[in-house]
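Single-structure report; data block below.
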Amino acid sequence: MKALIITPNYPSQKTPQNGSFVHQLLIEWGKIGLEPLVINPQSIPNFLRSFKNKKKNLNPFNFNVKRPLYVTFGTGYFSRLNLKIFKSLSFYLSIKMVKKDLDEVSFLYGKFLLTGGYAVARLKKKHSLPAFVDIGESTLFESLDQNELEFAKSFIKQIDGFICVSHKLKHELLELGAKEEDILLSPNGVNLDKFKILDKAECREKIGLLESDFVIIFVGNFIERKGPNRIIEALNLLNLKIEILFIGQGPINVECKYTFFKGTVLNEELPRYLNCADLFVLPTLAEGNCNAINEAKACGLPILSSDIPEIKEQVSTNEGILVNPLSIEEIADGINFFYNNPLLREKIKKNLIGERNNLSLQSRAQKIDNWIKKKLNNEC
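Okay, so the sequence shown: first residue is 922 according to our numbering, each after it adds one.
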């Protein structure tokens, strides 16, 4: 069975870390016989920035990946034109040039509501193909203005099924007009063959950390919502001997006296960096179901994150501590608590080892595949 996957994020030569979660899901689908065709539209600025990069093997199953170009002018408004909605239209129009690949496709699968979701809704209307949408990890209502909400409502009922990763996102989908029976709640999964506990001393030696160092790791975009700046402010209150690994990229400058490493790494290298750390810290303001937290848990890392509904659904009291993500003092207290409690860190690690199988990406891929097949056969 073939599926057309439409996603704005997918690993590329310029950004191998982008869309790695989509890529990993498709690898698992490939193992169970699904044949994905990937369309990953590229904005013209991103395309131009990628020219000088060397090629990397990002396609172990030799998926057919096409990257048509589209025009985007950022966010906000130009006169009365909502530029996010214009991006959605431009994103869809770029896909029309590869419509000949729809001949043998059994269903459409879009990533993110306003891009991949809108595209598969339009293609379904034109080609009468079943359309499914993975709405992603971030909140809907908090990021959409009224015009964007109305735009989403205009096509949401054309979608045959939605995959969402948290109860909060499911509730927001229902508010937008989706039907309960058309929503599959399926939290994100992790490739447990890759994200596992490794020898900490060997991992640290490879990047130059000492065995005696206390190491924090942050994984995510360097943006206000994710909070790397708040981690730095918290560390400045403590003045402890701590090394921090900032894995990601973004506009916030994360260089400080505690920064041992900052930047992106290949997804294949991320488990080694996670296994260097003693504590995973993410004072995020909003999530759906955070992939980075699941990967850290799979590597046995205690979690210090946010006391918000999405994270409370994902991190139990046996796995970490949740704090007010806007309180620098609470973040600092959490770091200090873990710094001074090695026995607790070891206890949490043992708890996480016992729960690893609940994080399986393989199981999630099979669950989504089974559900889509049932929908295609009108069994649910």
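Just so it is clear, CB atoms sit at the ideal spot from N, CA and C, and this is done for glycine as well.
The alpha-carbon separation between R1146 and K1100 amounts to approximately 30 Å. For the options A1253, G1221 and G1148, the alpha carbon positioned closest to that of N1239 is the one of G1221. Note on geometry: alpha-carbon atoms of K1008 and Q963 lie some 11 Å from one another.
Between P1246 and V1202, the alpha-carbon positions lie close to 10 Å from each other.
Between I1056 and Y1194, the alpha-carbon positions lie close to 29 Å from each other. Judged by beta-carbon spacing, K1032 lies beyond the 8 Å limit of Q1079, meaning their Cβ atoms are not closer than that value. The continuous beta strand (DSSP E) containing P957 extends over residues E956 to I960. In the DSSP annotation of this structure, S1107 is not part of any beta strand (DSSP E), being labelled neither H nor E. Three or more Cβ pairs drawn from the region 1104 to 1121 and the region 1279 to 1290 lie within less than 8 Å of each other, which places the two stretches in contact.
Counting along the chain, S1075 sits inside the alpha helix (DSSP H) bounded by residues Q1067 to I1077. Here A1042 is buried. Its C-beta has 16 or more other C-beta atoms within 10 Å. From the listed residues I927, A1155, K1005 and W950, the smallest Cα separation to P989 is found for I927. With distances taken between CA atoms, T1205 lies nearest to G1141 out of I1289, V1175 and G1141. Short of 6 Å from the beta carbon of I1242, and not among the five residues preceding or following it, lie these beta carbons of its own chain, in chain order: L1225 and G1255. L1200 is not a Cβ neighbour of E1164, given a cutoff of 8 Å. For G954, the closest C-alpha among the options F1167, K923, Y931 and N961 is that of K923.
Taking every protein chain shown into account, the CB of K1005 has 16 or more other CB atoms within 10 angstroms, so this residue is buried. Counting other Cβ atoms within 10 Å of its Cβ, N1196 reaches 16 or more and is therefore classed as buried. Annotation: the continuous alpha helix (DSSP H) that includes N1291 extends over L1282 to L1297. Between K1074 and G1038, the C-beta gap is not smaller than 8 Å, which leaves the two residues out of contact. Residue nearest to N1150 within the set T1180, S1133, A1122 and K1162 is T1180 (criterion: CA-CA distance). According to the DSSP assignment, N985 belongs to no alpha helix (DSSP H) but to the beta strand (DSSP E) extending over N985 to K987. The C-beta of A1122 has fewer than 16 other C-beta atoms within 10 Å across all chains shown, which makes the residue exposed.
In the DSSP assignment, C1085 is bridged to L1106.
Looking at the backbone, the Cα of D1290 and that of K1271 are separated by about 32 Å.
Setting aside the 5 residues that flank it on each side, T1185 is surrounded in the same chain by T936, P937, Q938, I1168, G1169 and Q1170, each with a C-beta closer than 8 Å to its C-beta; the list follows chain order. In the structure shown, I965 falls within a helical segment according to DSSP collapsed to helix, strand and coil. With fewer than 16 other Cβ atoms inside 10 Å of its own Cβ, K952 counts as exposed. Only exposed fits K1047, as fewer than 16 other CB atoms lie within 10 angstroms of its CB.
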